[in-house]
Every structure is written in C-alpha cells, then in structure tokens.
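Below is one structure, written out as structure tokens; the observations come after it.
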Amino acid sequence: MKRELSGIGMTSQRTRARMIERLRAEGIRDERVLSAMAVVPRHIFVEEALASRAYEDMALPIGLKQTISQPFIVARMIELLAAGRELGKTLEIGAGCGYQAAVLAQLAKDVYAVERLAQLLDKARANLRHLRLPNVRLKHADGYLGLAEAAPFDTIILAAAAGHVPKALLGQLAVGGRMILPLGGAEQSLCLIERSARGYSETRLEPVRFVPLVAGVE
Ligand code: SAH
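Position 2 of the sequence shown, counted from 1, bears residue number 1 in the numbering used here, the numbering being contiguous throughout.
Written as structure tokens, this is what we have:
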C-alpha cells in the first residue's frame, strides 16, 4: 500500500499539530524548529504497524536494534544548535530512518547524513524520496571519521552516544561552528561543543539515553 504523506486519523496533520503543542509545553521555544517539525510527516519513517504512535513523544524501533529518536530530543538538540544562528552546512551522524535529516533539511542549507548500516540507509533513502529534499545527501560511512570530503561543517549532530568526542569531528567543525552529541556509556548526557578562533568550549547538559555509536560499516 502506498504510504499516505498527508495521513489520516492518528497520522493526520491535526495529530502532528498536537505534537507541536506538546513540544511547546515541554519548553521548545524556537519557532523555526517547531515549524520544521510541523511539516515533516513522522509517520512515514516508522513501520506501518507503529504509524499510529508516530506522534507520541517516544523513541520507536526502526529495525536492526536501532530507534528513531523521540520528538522532544530531536527538537531540543536542534534548538540548542540553532540558538542565535543559522545551521548552515550540517553533518548528521546516524541517519537511521532519515527522520532527523528531514527536519534538519527544513532549517539547514545543506545536510549530509551518514549511516553505518547499509540496510537502514536504504530505508532512509526510500523514506526521504517521498519528501523530495534536494539539500539532503545520504552516505554509507563510519561517523567516527566524519565526512572529510564535505568538511568543514557549521553544525554537527550525533544521533548515537560516543564514549569520547571523535577527534575527526572536532577537526571537521568550522570555526564558529557547533556540535552536539550524547556523551557517555551507561550514563549519558548531552554535550554541546563550540569552536571559536581560540579553540573549543564544552557545555554539559541534561542526561539522555541513546543507542551507542559503533565503529565500522556493515
Ligand atoms: N537520526 C535517526 C536516529 C537513528 S538511531 C532518526 O531520525 O531516525 C542512531 C543511528 O546511528 C543508528 O541507525 C545507528 O546505526 C547509527 N550509527 C551508530 N554508529 C554509527 C557510526 N559510527 N557511523 C554512522 N552511523 C552510526
């Protein structure tokens, strides 16, 4: 069956609007971020059996033991990256099903999204094809290494938790750029890194729970 972009019932525009109101109530303030999330149909990124839960504030399985991040954390991370600036050229590590890349595409000039699992990347490709986003490029690559061919990036966002900040990513962050990642193992917290001409600064934020960043491609 063809996936309905517009959605009906629990996947309708109205359900999505309720998700936006919930994000607002939970403290997301940046209207650019809220608008971006309002236009991306999250239900086309999850299995059809789960589509009716796509607009609830929870992570959902996307296969291969991976999950699509919960809407609040997607909004929160992008809001932190976008505070007082444009996203510019953006690198996402861990494209998964492609949802976050679609949200980023509404706000960033260009989005490069890398994924280590070829099977998920195929899913992301198929999902994103429906939305026709000319500024998103997907790559099968190990995010630990970043994406040297397109560096430097104004913005880098990781959708999987690393035990340490990958060195290559620090090098590929533009001066004036910002990176956000879940940092840690069993206990993780969000970490915001800003690069200025003088060097890097790091801010630790709230605890989070992400799947781990894994080296190598499959
Ligand atoms: N942003 C995604 C969330 C996917 S979950 C979405 O919107 O659906 C995190 C993803 O990171 C998983 O798909 C996992 O395979 C991927 N990942 C883990 N380690 C990686 C690495 N080293 N390089 C690239 N992707 C990685």
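Glycine residues also receive a C-beta, built at the ideal position from the N, C-alpha and C atoms.
Item	Value
Please tell me whether Ala104 and Ala112 are closer than 7 Å, where the distance is taken between their beta carbons.	no
Could you tell me the alpha carbon to alpha carbon distance between Glu46 and Leu4, rounded to whole angstroms?	14 Å
Kindly indicate which three-state DSSP category Tyr199 falls into: helix, strand or coil?	strand
For Gln171, count neighbouring Cβ atoms within 10 angstroms of its own Cβ and tell me buried if that reaches 16, exposed if not.	buried
Where Leu189 and Pro181 are concerned, what is the direct C-alpha to C-alpha distance, given to the nearest angstrom?	4 Å
With 16 other CB atoms within 10 Å as the buried threshold, where does Lys166 fall?	exposed
Please state whether DSSP places Gly152 in a helix, a strand or coil.	Note on residue identity: the sequence assigns Phe, not Gly, to residue 152. In the structure shown, Phe152 sits in a strand (DSSP, three-state: E or B).
Specify the secondary structure class of Gln65 as computed by DSSP and reduced to three states.	strand
Would you report the Cα separation of Asp29 and Val73, rounded to the nearest angstrom?	13 Å
In whole angstroms, give me the CA-to-CA distance for Gly87 and Asp153.	6 Å
I'd like to confirm something about Gln99: is its beta-carbon nearer than 6 Å to some heavy atom of the ligand SAH, or not?	yes
Within the same chain, show all residues whose beta-carbon is closer than 7 Å to that of Leu120, passing over the 5 residues directly before and after it, in chain order.	Ala94, Glu114, Leu137, His139
Between Val38 and the ligand SAH, is there a pair consisting of the residue's CB and a ligand heavy atom that are separated by less than 6 Å?	no
Which value, in whole angstroms, describes the spacing of the CA atoms of His163 and Tyr143?	10 Å
Give the secondary structure of Glu47 by DSSP, where H, G and I count as helix, E and B as strand, and everything else as coil.	helix
Provide the residue(s) that pair with Val110 in DSSP beta bridges, ordered along the chain.	Thr89, Val135
Would you tell me roughly how many angstroms separate the C-alpha atoms of Gln21 and Thr14, rounded to the nearest one?	Gln is not the amino acid found at residue 21; the sequence shown has Arg there. Near 11 Å, if we compare the C-alpha coordinates of Thr14 and Arg21.
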